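As you go down the protein sequences, you meet chains B and V in turn. If you count by the UniProt record's numbering, then the first sequence holds residues 1 to 248, one letter each, in order. If you count by the UniProt record's numbering, then the second sequence holds residues 1 to 319, one letter each, in order.
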Amino acid sequence: MLAVDSLTKRFQGLVAVDRASLGVPAGSITGLIGPNGAGKTTLFGMISGFLPPSEGRVLFEGEDVTAEAPHLRARRGIARTFQIVQPFAGLTVAENIAVGAYLRHPRRADAVAKAREVGLRVGLGDQLDKPASDLTVAGRKRLEVARALATEPRLLLLDEVLAGLNPSEIRDILPVVRAIRDGGVTILMIEHIMQAVMTLCEEVFVLAQGKMIASGPPRQVCADPHVIEAYLGKGAAARMKAEEIAHA
Amino acid sequence: MSARDLLPLILVLAVLAALPFLGLSGSALNFLVTTLIIALAGLGWNVLGGFGGQYSFGHAAFFGTGAYATAVLQMKFGWNAWGALGAGIGLGALVGLAIGYLSFRAGLRGSYFALVTLAFAEVFRILANTADITGGAAGLLLPLRPGVASLQFADRRLFYLLVLAFVGVALLASRWLERSRFGAHLIAVRENEEAARALGVDALSVKLRAIALSAAITAAAGGLYVQYFLYLDAGVAYGTWISVEALLAPIVGGIGTAFGPLVGALALQGLGEVTKHLAGGIPGVDLVVFGACLIAVIAFAPQGLLGLRRRRRTVPVGA
Ligand SMILES: Nc1ncnc2c1ncn2[C@@H]1O[C@H](COP(=O)(O)OP(=O)(O)O)[C@@H](O)[C@H]1O
Ligand SMILES: [Mg+2]
Chain B
1 MLAVDSLTKR
11 FQGLVAVDRA
21 SLGVPAGSIT
31 GLIGPNGAGK
41 TTLFGMISGF
51 LPPSEGRVLF
61 EGEDVTAEAP
71 HLRARRGIAR
81 TFQIVQPFAG
91 LTVAENIAVG
101 AYLRHPRRAD
111 AVAKAREVGL
121 RVGLGDQLDK
131 PASDLTVAGR
141 KRLEVARALA
151 TEPRLLLLDE
161 VLAGLNPSEI
171 RDILPVVRAI
181 RDGGVTILMI
191 EHIMQAVMTL
201 CEEVFVLAQG
211 KMIASGPPRQ
221 VCADPHVIEA
231 YLGKGAAARM
241 KAEEIAHA
Chain V
1 MSARDLLPLI
11 LVLAVLAALP
21 FLGLSGSALN
31 FLVTTLIIAL
41 AGLGWNVLGG
51 FGGQYSFGHA
61 AFFGTGAYAT
71 AVLQMKFGWN
81 AWGALGAGIG
91 LGALVGLAIG
101 YLSFRAGLRG
111 SYFALVTLAF
121 AEVFRILANT
131 ADITGGAAGL
141 LLPLRPGVAS
151 LQFADRRLFY
161 LLVLAFVGVA
171 LLASRWLERS
181 RFGAHLIAVR
191 ENEEAARALG
201 VDALSVKLRA
211 IALSAAITAA
221 AGGLYVQYFL
231 YLDAGVAYGT
241 WISVEALLAP
251 IVGGIGTAFG
261 PLVGALALQG
271 LGEVTKHLAG
281 GIPGVDLVVF
291 GACLIAVIAF
301 APQGLLGLRR
311 RRRTVPVGA
């Protein structure tokens, strides 16, 4: 469904993303992991059209969308959430979601009905008429997901929607993510919480210092020495191996 | 829009329509016409500034364009008043589009946008003050020609009703913004442009349509102004006075609400009138009161006068 082909993003001198490629099969939940500053959010920015890539291409359903504006990609069916939540602070929760719903429902009554339905689905049912600024962190993350979902996307890009949530909030939101996929939406998610990645994703890609260093089923990727080194520093994999042998 | 959405609007218009038939003096009627013209200019400003969050400090550019087009097309090209007024409104919208295109394409926001609009209005003022077609510094005096075709009524109440009709249309447009997809997109751009774009909103096109509508409404106010007073010069048409009035009315009344500009214009003009009577001798005392009001509103009622009432009840979106 989505193919990222050798994307590079340079900010002045800094190479934030360096010839990274990935593929997301239709109907999957695919993970994108990597240490802080690896370039994950930057990669999302290029997939959703907010950042023009320095090099490389983005293909959505076989079509080259590299040069397309964000709103046109949204119309094609690419929706994203923001790692730093961006609520319409002056509006209610339902009004926030309705902005997304208007994309496929020009009439107000339809858009509002759709917004309420989506709000219910992500667990914001009893907060729909509150100002968005009154929501907790967990509520705002849900609102990000709800707004994106209300555009009725085919591909949903989730940028760390679990970050900042406590374990019970995470436990509550995991089934929501899975239900979205089961409803026919393909998902690409950036996530730090490995437990969540393990339970949700069929395949993960690992980005470190802008480069894609590994990909595969989550269990296999987590055992990959390159990945361990990227997270824990040089020589970490060898040290762990040595410790394992010592314990055995 | 449902009948329930329109009921308050119809009631307000009905009350305002009845006012001049309660035996008002000529000066009271004058006051009402001026206030409604300012309310109309404010309703225009509110479309872009209130709903769209793009604060213009130069709506005089549109007011003056509407006014000059209405006057010049009649005086120098022999148009009838209605056609000239219509063309003035269209030209105002075009000027809005041009200014919007130049500033929004360049990504100007906030005080930068405010300054650019102010600069445009000032350039227009200087040009109008020197050009021949606008009568230069001497200004234009529309010939007295009573009749429906020339939009000059022997009974001033008819002109008042005409201005009120324009205010009604602008209120209707504002109400529509509160209830439509376009309005939701405009408000979303105001609240967070990036998030709006992620949801499929073409932010540039939304802002351009908003500034065109905003400019058209304020240009209508300019056309009606010259048609009522039959005199125009550059300072009146493109002066900062009207830029300030157009933004003060919605800010004081309730920014981003349909009725805010009307309430604000009535409150401010009323207050100005009262102070002029009480302290008539002191020149500019009404301006001092204006400034004091603005400070009071920003400090104590940032949502404007209507916000004071609204604070106690929240309106569910589905209602
Ligand atoms: N707009 C920008 N200008 C300059 N540098 C940026 C910009 N956005 C991100 N970066 C840099 O690019 C790198 C990758 O950032 P980011 O994509 O946010 O990483 P991640 O989401 O994986 O934590 C970081 O070093 C960050 O400082
Ligand atoms: Mg990030």
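Glycine included, every Cβ here is placed at the ideal spot set by N, Cα and C. Model, not experiment: these values are computed from the prediction.
Is any heavy atom in ligand 2 found nearer than 7 Å to the beta carbon of V/Q227?
Counting from 1 along the second sequence, the entry for residue 227 of chain V is found at position 227. The answer is no for V/Q227.
Expressed to the nearest angstrom, what Euclidean distance is found between the alpha-carbon atoms of B/D172 and B/Q83?
For the purposes of this step, residue 172 of chain B is taken as residue 172 along the first sequence, with counting starting at 1. For the purposes of this step, residue 83 of chain B is taken as residue 83 along the first sequence, with counting starting at 1. Each residue's CA atom was taken as its position, placing B/D172 and B/Q83 some 19 Å apart.
Near ligand 2: B/Q83 beta-carbon under 7 Å from a heavy atom
Taking the first sequence and counting its residues from 1, one reaches residue 83 of chain B at position 83. In this structure, ligand 2 has a non-hydrogen atom nearer than 7 Å to the beta-carbon of B/Q83.
Pull up the distance between the alpha-carbon of B/E169 and that of V/L48, whole angstroms please.
Counting from 1 along the first sequence, the entry for residue 169 of chain B is found at position 169. Counting from 1 along the second sequence, the entry for residue 48 of chain V is found at position 48. Approximately 40 Å, taken between the alpha carbons.
Restricting to Cα atoms, I'd like to know which of B/T199, B/V227 and B/A79 is closest to B/I29.
Looking up residue 29 of chain B in the first sequence gives position 29. Relative to B/I29, the option among B/T199, B/V227 and B/A79 whose CA is nearest is B/T199.
In this structure, what does DSSP give as the bridge partners for B/R80?
In the first sequence, counting from the first residue as 1, residue 80 of chain B sits at position 80. Its beta-bridge partners are B/L157.
Endpoints, the beta strand (DSSP E) within which B/V4 is located
Here residue 4 of chain B refers to the residue found at position 4 of the first sequence. Here the beta strand (DSSP E) through B/V4 covers L2 to F11.
Inter-residue Cα distance where the pair is V/A69 and V/I242:
Against the second sequence, residue 69 of chain V aligns to sequence position 69. Against the second sequence, residue 242 of chain V aligns to sequence position 242. In a straight line, the C-alpha of V/A69 is about 17 Å away from that of V/I242.
Run the proximity test for B/T41: is its beta-carbon closer than 7 Å to any non-hydrogen atom belonging to ligand 1?
Numbered from 1 along the first sequence, position 41 holds the residue referred to as residue 41 of chain B. Using a cutoff of 7 Å, the CB of B/T41 counts as near ligand 1, since one of the ligand's heavy atoms is closer than that.
Just to check my reading of the structure: V/Q54 and V/F120 have Cβ atoms closer than 8 Å, yes? What is that Cβ distance to the nearest angstrom?
Sequence index remark: in the second sequence, residue 54 of chain V carries index 54 (1-based). Sequence index remark: in the second sequence, residue 120 of chain V carries index 120 (1-based). Between V/F120 and V/Q54 the Cβ distance is about 14 Å, and since that is not below 8 Å, they are no contact.
Can the beta-carbon of V/L294 be found closer than 8 Å to that of V/L262?
Locating residue 294 of chain V in the second sequence gives position 294, where the first residue counts as 1. Locating residue 262 of chain V in the second sequence gives position 262, where the first residue counts as 1. The Cβ-Cβ distance between V/L294 and V/L262 does not fall below 8 Å.
Tell me whether the beta-carbon of V/L151 lies closer than 8 Å to the beta-carbon of V/M75.
On the second sequence, residue 151 of chain V is found 151 positions in, with the first residue counted as 1. On the second sequence, residue 75 of chain V is found 75 positions in, with the first residue counted as 1. V/M75 is positioned such that its CB atom lies no closer than 8 Å to that of V/L151.
Would you please verify whether the beta carbon of V/N192 is less than 8 Å from any beta carbon of chain B?
On the second sequence, residue 192 of chain V is found 192 positions in, with the first residue counted as 1. With 8 Å as the cut-off, V/N192 counts as an interface residue toward chain B.
Measuring straight from C-alpha to C-alpha, what distance separates B/G233 and B/M240?
By 1-based counting over the first sequence, the position of residue 233 of chain B is 233. By 1-based counting over the first sequence, the position of residue 240 of chain B is 240. Pairing B/G233 with B/M240, the inter-Cα distance amounts to about 12 Å.
Could you tell me which residues DSSP pairs with B/G31 in its beta bridges?
By 1-based counting over the first sequence, the position of residue 31 of chain B is 31. Beta-bridge pairing links B/G31 to B/M189 and B/V204.
Whose CA, out of V/F259, V/E273 and V/V123, lies closest to the CA of V/V288?
Residue mapping note: residue 288 of chain V aligns to position 288 of the second sequence, counting from 1. The shortest C-alpha to C-alpha distance from V/V288 to any of V/F259, V/E273 and V/V123 is the one to V/E273.
From B/G100 to V/R197, what distance separates their C-alpha atoms?
For this step, residue 100 of chain B is matched to residue 100 along the first sequence. For this step, residue 197 of chain V is matched to residue 197 along the second sequence. Their Cα atoms are separated by approximately 10 Å.
Using a Cβ-based criterion (distance less than 7 Å to any ligand heavy atom), does B/E160 qualify as near ligand 2?
In the first sequence, counting from the first residue as 1, residue 160 of chain B sits at position 160. Flag set: Cβ of B/E160 near ligand 2.
I'd like the list of long-range same chain contacts for B/K40, defined as Cβ closer than 6 Å, with 5 residues on each side in sequence excluded.
Indexing the first sequence from 1 puts residue 40 of chain B at position 40. Excluding sequence positions up to five before and after B/K40, its CB lies within less than 6 Å of the CB of L32, G34, I190 and L207, all in the same chain and listed in chain order.
For B/I187, verify whether its CB is less than 7 Å away from any heavy atom of ligand 2.
Here residue 187 of chain B is taken as the residue at index 187 of the first sequence, counted from 1. No, the beta carbon of B/I187 sits no closer than 7 Å to any heavy atom of ligand 2.
Rounded to whole angstroms, what is the Cα-Cα separation between B/H192 and B/N96?
For the purposes of this step, residue 192 of chain B is identified with residue 192 of the first sequence, where counting begins at 1. For the purposes of this step, residue 96 of chain B is identified with residue 96 of the first sequence, where counting begins at 1. Straight-line Cα distance between these residues: approximately 27 Å.
Proximity test, Cβ basis, 8 Å: V/G318 and chain B
As a position in the second sequence, residue 318 of chain V is number 318, starting the count at 1. Because V/G318 carries a pLDDT of 42, less than 50, the predicted location of this residue cannot be relied on, and the following value inherits that uncertainty. Interface residue, yes.
C-beta contact flag for B/L188 and B/L155 at 8 Å:
The sequence position of residue 188 of chain B within the first sequence is 188, counting from 1. The sequence position of residue 155 of chain B within the first sequence is 155, counting from 1. Contact flag set, yes.
B/G45 at chain V interface by Cβ criterion, 8 Å
Locating residue 45 of chain B in the first sequence gives position 45, where the first residue counts as 1. Closer than 8 Å: no.
Starting from the beta carbon of B/G90, find every residue of chain V whose beta carbon is closer than 7 Å, and list them in chain order.
On the first sequence, position 90 is the one that residue 90 of chain B refers to. Within chain V, the residues near B/G90 are E191.
Beta-carbon proximity of V/I217 to V/G44, cut-off 8 Å
Taking the second sequence and counting its residues from 1, the one referred to as residue 217 of chain V is at position 217. Taking the second sequence and counting its residues from 1, the one referred to as residue 44 of chain V is at position 44. For V/I217 and V/G44, yes; Cβs fall inside 8 Å.
Chain-ordered neighbours of V/I173 on chain B, where CB pairs are closer than 8 Å:
The sequence position of residue 173 of chain V within the second sequence is 173, counting from 1. It is worth fixing the name first, because residue 173 of chain V is Ala in this sequence and not Ile. Those within 8 Å of V/A173 in chain B number zero; the least Cβ separation is about 16 Å.
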